[in-house]
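S.K.: Would you mind keeping the following structure in view while I ask a few things?
Numbering (the working numbering), first residue to last: 117 to 522.
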């Protein structure tokens, strides 16, 4: 016999299924929601009625395709049910975006970072001021912002919303929950940036109908090196991780990494590693804090013109990446790999070394290399990952709040 609490739990789970289906497929009619969720039509009718009453969903009319017949009623998220802010922290800029509950982007702006300044206080002050401005520009009350979703390269602690280590601030931690509360009552989320990229790539490939899709890896090339792995379980649920790939020890050649270790993948494959090799700087030289793209473009031009050390620098970067990926496929089996980030503009110079490194894996020798694609629009993927994960979090919070209020 079901108790009142277990009945409520089932109702919350069913509500979450309905909202997740609308997130994945867009506005749907009752019959379509029932098809995608496996819920009975009567159950869907009750849930949509409750969510409409709670001003979470709204009904819309969709014109029938035939010349006769009534317009079809479909359900979608009520856009003003809440808002979310996303923040992308990178080496040279911070990007702020505001979206509504329907996932529509309302505003976005960027602020340049002084990459020579690694102190956290100037950043945190500018961060809070920028979020205030983001809400003010759209005339949104801060109480209506239900989630602030933050991303950075490096190591994060999602449970405490803390940036633990990053290429920007090193070991200086940033506690975003303490920074924003109590003025902001929003839930604070923090994610590794390449985790969001892998999440978005998995959703894109699923939507494109890629067959037998079990996992996707996203490898980010640039000032730092990041990896995200997205995996689908048997029920189709998506889980995403971001192993500390760039700082995985790769060789004993003494190349100094920004993390303080020697021989990390990033020490060879990050922009500062490529620059150091191209100019034959001793490998234990302290890494450059920031390498402008214009400088990287010059090294790439020299490599394409046949300059030996410049060619060698990119090939060594590719070799380190390929050797790292060979370990990944040995652990996880082959999966599609999407190459993203500003370093994609040099993929032609990196590709040969990357393939050599991958070929060192028995997994690759026996079963072939994983399919590799180049997807340059990393910023778009990061935003897509932010939106999907943050909106799903908002859905769960809305359902939980409704249950408490009843």
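Virtual Cβ for every residue (Gly too), placed ideally from N, Cα, C.
Note that this is a predicted model, so its numbers are computed, not measured.
If we ignore side chains and look at the alpha-carbon of each, how far apart do residue 117 and residue 127 end up?
M.R.: Bear in mind that a pLDDT of 49 at residue 117, under 50, signals an unreliable position, so the number given afterwards is only what the model happens to contain. Distance between the alpha carbons of residue 117 and residue 127: 16 Å.
S.K.: Using 7 Å as the threshold, is the C-beta distance between residue 383 and residue 371 below it?
M.R.: Yes, they are a contact pair.
S.K.: With DSSP as the reference, identify every bridge partner of residue 378, one or two as the case may be.
M.R.: According to DSSP, which records beta bridges pairwise, residue 378 is partnered with 372.
S.K.: Report the three-state DSSP secondary structure of residue 117 (helix, strand or coil).
M.R.: In this prediction, residue 117 has a pLDDT of 49, which is less than 50 and means its spatial position is unreliable; what the coordinates show is noted afterwards. In the structure shown, residue 117 sits in coil (DSSP, three-state: anything other than H, G, I, E or B).
S.K.: Within its chain, find whatever has a CB closer than 8 Å to the CB of residue 349; leave out the 5 residues flanking it on each side and keep chain order.
M.R.: Closer than 8 Å at the Cβ level, and outside the excluded window around residue 349, lie 355.
S.K.: Does the segment 128–148 come into contact with the segment 505–514, if we say contact requires no fewer than three beta-carbon pairs (one atom in each stretch) closer than 8 Å?
M.R.: Because the criterion of three Cβ pairs below 8 Å is met, the segment 128–148 and the segment 505–514 touch.
S.K.: Can you name, in chain order, every residue of its own chain whose Cβ lies under 7 Å from the Cβ of residue 474, other than the five neighbours on each side?
M.R.: The residues are 438, 441, 442, 480, 485.
S.K.: State the beta-bridge partners of residue 209 as determined by DSSP.
M.R.: The partner list for residue 209 (beta bridge, DSSP) reads 228.
S.K.: Could you check if residue 342 belongs to the surroundings of the ligand NAP, using beta carbon to heavy atom distance under 6 Å?
M.R.: Only the bare structure without any ligand can be found here, which leaves the ligand NAP out of the picture.
S.K.: Along the chain, which unbroken stretches of the beta strand (DSSP E) at least 3 residues long are found entirely within the segment 441–485?
M.R.: Here the runs fully enclosed are 453–456.
S.K.: Run through the segment 252–310 for me and flag every whole alpha helix (DSSP H) of 4 or more residues, listed as ranges in chain order.
M.R.: For the segment 252–310, whole alpha helix (DSSP H) runs of length 4 or above, ordered along the chain, are 292–296.
S.K.: Return yes when the Cβ of residue 393 is within less than 7 Å of the Cβ of residue 432, no when it is not.
M.R.: Closer than 7 Å, so yes.
S.K.: Between which two residues does the beta strand (DSSP E) containing residue 331 stretch?
M.R.: Looking at the DSSP string, the run of the beta strand (DSSP E) that includes residue 331 is 331–336.
S.K.: Run through the segment 141–210 for me and flag every whole beta strand (DSSP E) of 3 or more residues, listed as ranges in chain order.
M.R.: Whole beta strand (DSSP E) segments, 3+ residues: 173–178, 188–193, 199–205.
S.K.: With residue 418 as the anchor, note down where its alpha helix (DSSP H) starts and where it stops.
M.R.: Start and end: 409–420.
S.K.: Within a Cβ cutoff of 6 Å, which residues of the same chain sit near residue 251, ignoring the five residues on either side of it in sequence?
M.R.: Same-chain partners within the cutoff: 258.
S.K.: Given 8 Å as the limit, is there contact between the segment 316–329 and the segment 277–292, that is, 3 or more CB pairs closer than that?
M.R.: As far as the Cβ criterion goes, the segment 316–329 does not touch the segment 277–292, which means the pair count is below three.
S.K.: Excluding the 5 residues flanking residue 226 on each side, which residues of the same chain have their C-beta closer than 8 Å to its C-beta?
M.R.: Excluding residues within five positions, the ones whose Cβ falls inside 8 Å are 209, 210, 211, 212.
S.K.: Among residues of its own chain, excluding the 5 on either side of residue 389, which ones have a beta-carbon nearer than 7 Å to its beta-carbon?
M.R.: Closer than 7 Å at the Cβ level, and outside the excluded window around residue 389, lie 371, 382, 383, 433.
S.K.: Taking 6 Å as the limit between beta carbons, can you name the residues of its chain near residue 357, skipping five residues before and five after?
M.R.: Here the set comprises 345.
S.K.: Short of 6 Å in beta carbon distance, which residues of its chain neighbour residue 57, apart from the five on each side in sequence? Order them along the chain.
M.R.: Nothing about residue 57 can be reported from this structure: the residues present for the chain run from 117 to 522 only.
S.K.: Out of curiosity, what's the CA-to-CA distance linking residue 188 and residue 161?
M.R.: Approximately 15 Å, taken between the alpha carbons.
S.K.: If you reduce the DSSP assignment to three classes, tell me which class residue 347 lands in.
M.R.: Residue state, collapsed to three classes: strand.
S.K.: Starting from residue 365, follow its DSSP beta bridges and name the residues at the other end.
M.R.: Bridge partners of residue 365: 380.
S.K.: Would you report the Cα separation of residue 163 and residue 130, rounded to the nearest angstrom?
M.R.: Answer to the nearest angstrom: the Cα atoms are 8 Å apart.
S.K.: Have a look at residue 200 and residue 500 and give me their C-alpha separation to the nearest angstrom.
M.R.: Spanning the two alpha carbons is a distance of roughly 13 Å.
S.K.: Hey, out of 169, 416, 452, whose CA is closest to residue 458's CA?
M.R.: Of the candidates 169, 416, 452, the one whose C-alpha sits nearest the C-alpha of residue 458 is 416.
S.K.: Give the secondary structure of residue 341 by DSSP, where H, G and I count as helix, E and B as strand, and everything else as coil.
M.R.: Looking at residue 341 - three-state DSSP - the assignment turns out to be coil, as it is neither helix nor strand.
S.K.: Taking its Cβ as the centre, do 16 or more other Cβ atoms sit within 10 Å of residue 410, making it buried, or is it exposed?
M.R.: Counting Cβ neighbours within 10 Å, residue 410 comes out exposed, since fewer than 16 surround it.
S.K.: Alpha carbons only, please: which of 376, 465, 299, 361 is nearest the one belonging to residue 309?
M.R.: Per the Cα distances, 361.
S.K.: So what does DSSP say about residue 402, is it helix, strand or coil?
M.R.: Of the three classes helix, strand and coil, the one that applies to residue 402 here is coil, per DSSP.
S.K.: Could you name the residues of the same chain whose beta carbon sits closer than 8 Å to that of residue 272, not counting the 5 residues immediately before and after it, in chain order?
M.R.: Only 278, 279, 280, 306, 307, 308 meet the Cβ criterion.
S.K.: Relative to the C-alpha of residue 275, which candidate in 249, 248, 260, 303 has its C-alpha closest?
M.R.: Comparing Cα-Cα distances from residue 275 to each of 249, 248, 260, 303, the minimum goes to 303.
S.K.: Give the C-beta separation of residue 316 and residue 451 to the nearest angstrom, bearing in mind that I take them to be a contact with Cβ-Cβ under 8 Å.
M.R.: Between residue 451 and residue 316 the Cβ distance is about 16 Å, and since that is not below 8 Å, they are no contact.
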